[in-house]
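Counting in this note's numbering, the sequence shown runs from 232 upward without gaps.
The beta carbon of each residue, even a glycine, is placed where N, CA and C say it ideally should be.
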Amino acid sequence: MSSSDPTVQPVPASVVERVDAADVTLSNPKRAVISIGSNLGNRLETLQGAIDALEDTPGLRVKAVSPVYETEPWGVEPGSQPSYYNAVVLVKTTLPPDSLLERGHAIEEAFERVRDERWGPRTLDVDIVSYQDVVSDDPRLTLPHPRAHERAFVLVPWHDVDPDAVVPGRGPVAELLASVGREGVAVRTDLELRLPE
Numbered sequence: 232m233s234s235s236d237p238t239v240q241p242v243p244a245s246v247v248e249r250v251d252a253a254d255v256t257l258s259n260p261k262r263a264v265i266s267i268g269s270n271l272g273n274r275l276e277t278l279q280g281a282i283d284a285l286e287d288t289p290g291l292r293v294k295a296v297s298p299v300y301e302t303e304p305w306g307v308e309p310g311s312q313p314s315y316y317n318a319v320v321l322v323k324t325t326l327p328p329d330s331l332l333e334r335g336h337a338i339e340e341a342f343e344r345v346r347d348e349r350w351g352p353r354t355l356d357v358d359i360v361s362y363q364d365v366v367s368d369d370p371r372l373t374l375p376h377p378r379a380h381e382r383a384f385v386l387v388p389w390h391d392v393d394p395d396a397v398v399p400g401r402g403p404v405a406e407l408l409a410s411v412g413r414e415g416v417a418v419r420t421d422l423e424l425r426l427p428e
């Protein structure tokens, strides 16, 4: 592990063993949709670092990355925080949802995410939007994400990478997006996130 590796938070050894055993060809992987966002520091570099860190996770393969969108922060006074860069990442994984959540938090912490205030500025946000067709109201990880169906900054990039996607229990992303609209979500064609090699 080099010191430049952003994923300084290790995955628990028991999880690694389980996943490595299943990771020969990612047999029977599950589809998951992950939303990433940043509004502090070098936002594009941070998002790319998060994608690379996801790909470096045993038992996880990044399959698609959306264009970058710029959006105003949610739930705060306009102009009080820098704008966000947002993207959606499609992955296939043999990790169960709770391990995927732990990995997301570890990646956030590696980028010095601080959870001081609700809707506060953040270097990195990693949210599991959906996991296969799972519907769960577990307070630690509600699936699908309880507000994904009403947030254009999730629906717009998700629709880009998977136009036929469905939010479990809520309906097709295309229909949800049509009702929410695209206002305030601007594509940044000058910025690009790479799929890991």
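Integer Cβ distance of residue i from residue j, believed to fall under 8 Å
i: L278; j: I267; result: 5 Å
i: R413; j: V387; result: 6 Å
i: E333; j: L355; result: Contact doesn't hold; Cβ gap of about 15 Å is too wide.
i: E301; j: R382; result: Rounded, the Cβ-Cβ distance is 15 Å, inconsistent with contact.
i: G290; j: L326; result: 5 Å
i: P403; j: V397; result: 5 Å
Neighbourhood of residue i by C-beta distance below 6 Å, restricted to the same chain and skipping five residues each side
i: S367; result: L374
i: L408; result: L386 and H390
i: R401; result: H380
i: E286; result: V293 and P427
i: T288; result: R334
Beta-carbon proximity check, residue i vs residue j, cutoff 8 Å
i: N270; j: S314; result: yes
i: S361; j: V264; result: yes
i: A295; j: V392; result: yes
i: V320; j: G335; result: no
i: L422; j: I282; result: no
i: V299; j: P328; result: no
i: T324; j: P260; result: yes
Buried versus exposed, by CB contacts within 10 Å (16 or more), residue i
i: R191; result: The structure shown has nothing for residue 191, since the chain only spans 232 to 428.
i: S330; result: buried
i: P427; result: exposed
i: G310; result: exposed
i: P304; result: buried
i: N317; result: buried
i: D369; result: exposed
i: V255; result: Confidence in V255 is poor, its pLDDT being 49 and thus under 50, which makes the residue's placement unreliable; the coordinate value appears in the next sentence. Label assigned to V255: exposed.
Close-in-space but distant-in-sequence residues of the same chain around residue i (CB under 7 Å, 5 per side omitted)
i: A405; result: H390 and P394
i: E343; result: T354
i: G272; result: T354
i: G415; result: T302, E303 and A383
i: V322; result: A263, I265, L285, L291, R292, V293 and K294
i: A417; result: Y300 and E301
One or two residues paired with residue i in a DSSP bridge
i: T324; result: K261 and L291
i: V301; result: Per the sequence presented here, residue 301 reads as Glu, with Val not at that position. DSSP output for E301 lists Y316 and A417 as bridge partner(s).
i: D358; result: S266
i: S367; result: L374
i: P398; result: Looking at the sequence shown, residue 398 is not Pro but Val. Looking at the DSSP assignment, V398 forms a beta bridge with G402.
i: V173; result: Shown here, the chain extends from 232 to 428; a query on residue 173 therefore has no answer.
i: V296; result: V320
Close Cβ partners of residue i (< 8 Å) along its chain, the five nearest in sequence each way excluded
i: H376; result: S266, D358, I359, V360, S361 and V385
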